[in-house]
Structures are given as C-alpha cells and as structure tokens.
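Scroll down for the structure; my scribbles are underneath it.
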Amino acid sequence: SDVPYFLIGGYARGQGRGEILSPLDDPAEMTILLIIPDFGISAAEAYREYDLTIMDKIGDISDLSGNASVEGKKRRNWFNDLEWGIFAKYPELAEIRDKLIHFGAEDALMSGSGSVVVGSFSDESVARSVVNAIEIGDWAWRVILTRNVTRDEYQNSSCHTLD
65 SDVPYFLIGG YARGQGRGEI LSPLDDPAEM TILLIIPDFG ISAAEAYREY DLTIMDKIGD
125 ISDLSGNASV EGKKRRNWFN DLEWGIFAKY PELAEIRDKL IHFGAEDALM SGSGSVVVGS
185 FSDESVARSV VNAIEIGDWA WRVILTRNVT RDEYQNSSCH TLD
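In our numbering, the protein residues as written are 65 to 227.
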C-alpha cells in the first residue's frame, strides 16, 4: 500500500489501505533528524503490539483532508498509531522522542513500524546542536540529518517511472 505514495511524492493524505491519495500542499522547508537506535522492530512485531482501542485516542484529522494546506501547522496533528504499543514495549523509543522535543524539535514521532524516530525542526542550527548533543552523549544511536523535499523536487529527481 505504500507504492502509490512513492509514485506521486510530496505530502498526501492516504485513505483505504493507503492506496487512495489526496495530495496536500507542501509545507515550509524543515530540517529532519532521524534517530536510529541500535535495535530494529519488524513490522509483524509492531502490528502484534498494535492497540485496537487506538481509535478512541486519535484526534480529529479533518483539517488535513482534501487539498488543505499543512503549512504552518503544528505536526502534533500528525500521528503514528503504532507508537502506543511499541513505546510500551520499547520505552527507549519514547525517550528518544521526548529528548528530541526537549532539545527543540517542533515534533517527533516514530517512523512506520519503528524503530527510527523522526524529529522536525524549522531551524537547522537547532537540529545540528541536537546532533552534537547526541554524538557526545552515551547513546548508541545513529543520527542522520536531512530535509524534506517538495513534490516538484521529488518528481524532478533522478527517480522516474517508466512510461
């Protein structure tokens, strides 16, 4: 179900199993920090830990429907419902998320089924200071600093579909 997203790129709202996509406007450029702990989590394990009562905990996402812009929105409107079960089993991931927020990330969440945690920053220098703090700390985490790309950048990259 991830394949349709990678054919259009950019921000999109997925419905169904993820195959029905509605493009969203690109947000402002942000610096992205990926924190990779020294362990992985299989998708099968993440779904075994999935909390079926999650629907009672999820906020309203109606403001992300159709062509609504996510420009300037707090990323707290975004969520990963697999976090609930995984964070209970792997509290270190919740610690990583909380440290990113503490160090200045505008938001942080687990990516996919884990174990990577993603933090977003509007100020690259703040993100770089977090990288430095992690590198001098005692954490066994790998760190990757990158940025988001617009739909146009994605579609004009070296990755093309065959016509």
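C-beta: ideal position from N, C-alpha, C; glycine also.
Three-state secondary structure (DSSP) of Gly183:
strand
Are Ser175 and Leu97 close, meaning C-beta to C-beta below 9 Å?
Taking the C-beta atoms as reference points, Leu97 is found no nearer than 9 Å to Ser175.
CB-CB length for Glu170 against Ser186, believed under 8 Å:
6 Å
Tell me whether the beta-carbon of Ser177 lies closer than 9 Å to the beta-carbon of Ser86.
Not closer than 9 Å, so no.
What separation, rounded to the nearest whole angstrom, lies between the Cα atoms of Tyr111 and Phe143?
16 Å
Buried or exposed (CB count within 10 angstroms, at least 16 for buried), Phe70
If you draw a 10 Å sphere on the C-beta of Phe70, you find fewer than 16 other C-beta atoms in it, and that means exposed.
Please report the Cβ distance between Val190 and Val207, rounded to the nearest whole angstrom; I am assuming they are in contact, meaning their Cβ atoms lie under 8 Å.
About 14 Å; that fails the 8 Å criterion.
Can you say whether Lys153 is buried or exposed, counting buried as having 16 or more other CB atoms within 10 angstroms of its CB?
exposed
Taking 9 Å as the cut-off, decide whether the C-beta atoms of Pro101 and Ile165 are in contact.
no
Where Ala172 falls: helix, strand or coil (DSSP):
strand
What's the gap between the Cα of Asn220 and the Cα of Ala92?
Distance between the alpha carbons of Asn220 and Ala92 is about 19 Å.
Residues bridged to Gly78 (per DSSP)
Leu85
Any idea which residues DSSP pairs Thr210 with across the strands?
In the DSSP assignment, the residues bridged to Thr210 are Ile96.
Do the CB positions of Thr95 and Glu188 come within less than 9 Å of each other?
yes
Grouping DSSP H, G and I as helix and E and B as strand, with all else coil, what is Ser221?
coil
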